[in-house]
Amino acid sequence: MALNIKSDLADQLARRVADKLGASITETVIQALRELDERIEDEQRQSEEARQSEILALIRRIQDMPDLNDRSVEDILGYNERGTFD
């Protein structure tokens, strides 16, 4: 399948890089797109890892907070000894 790029700048850049690499324009475009794809995946993975790290830090912070209410969960929710609400 053919790729039709209608940009003089894209054509110039592809030819210049292909000449520097001693490769065809097709090989150059494939290599450039693969490298860009890998970079995007790395950035997304790093972003996800950072987000997970922030969430874990927040969980630790919450777990370290003092318990300010000594009532049982049932008392807080309003359950009686029969497991129903009063």
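According to our numbering, the sequence shown is numbered sequentially starting from 118.
Where a beta carbon is used, it is the ideal one built from N, C-alpha and C, also for glycine.
Since the structure is predicted, the reported quantities are computational estimates derived from the model, not experimental observations.
Work out the CA separation of residue j and residue i for me, nearest whole Å.
i      : j      : result
Glu191 : Asn197 : 7 Å
Leu150 : Leu120 : 13 Å
Gly200 : Arg177 : 32 Å
Arg132 : Ile179 : 56 Å
Ile122 : Asp128 : 8 Å
Thr147 : Glu166 : What sits at residue 147 in the sequence shown is Ile, not Thr. Looking at the two C-alpha atoms, the distance is approximately 28 Å.
In terms of residue numbering, what span does the alpha helix (DSSP H) encompassing residue i cover?
i      : result
Ala127 : Asp125 to Leu138
Arg188 : Element bounds for Arg188: n/a, residue is neither H nor E.
Arg143 : In the sequence as displayed, the identity of residue 143 is Thr instead of Arg. Its alpha helix (DSSP H) spans residues Ile142 to Gln180.
Using a Cβ cut-off of 8 Å (strictly closer), state whether residue i contacts chain C.
i      : result
Arg133 : In the displayed structure, chain C is absent; only one protein chain is listed.
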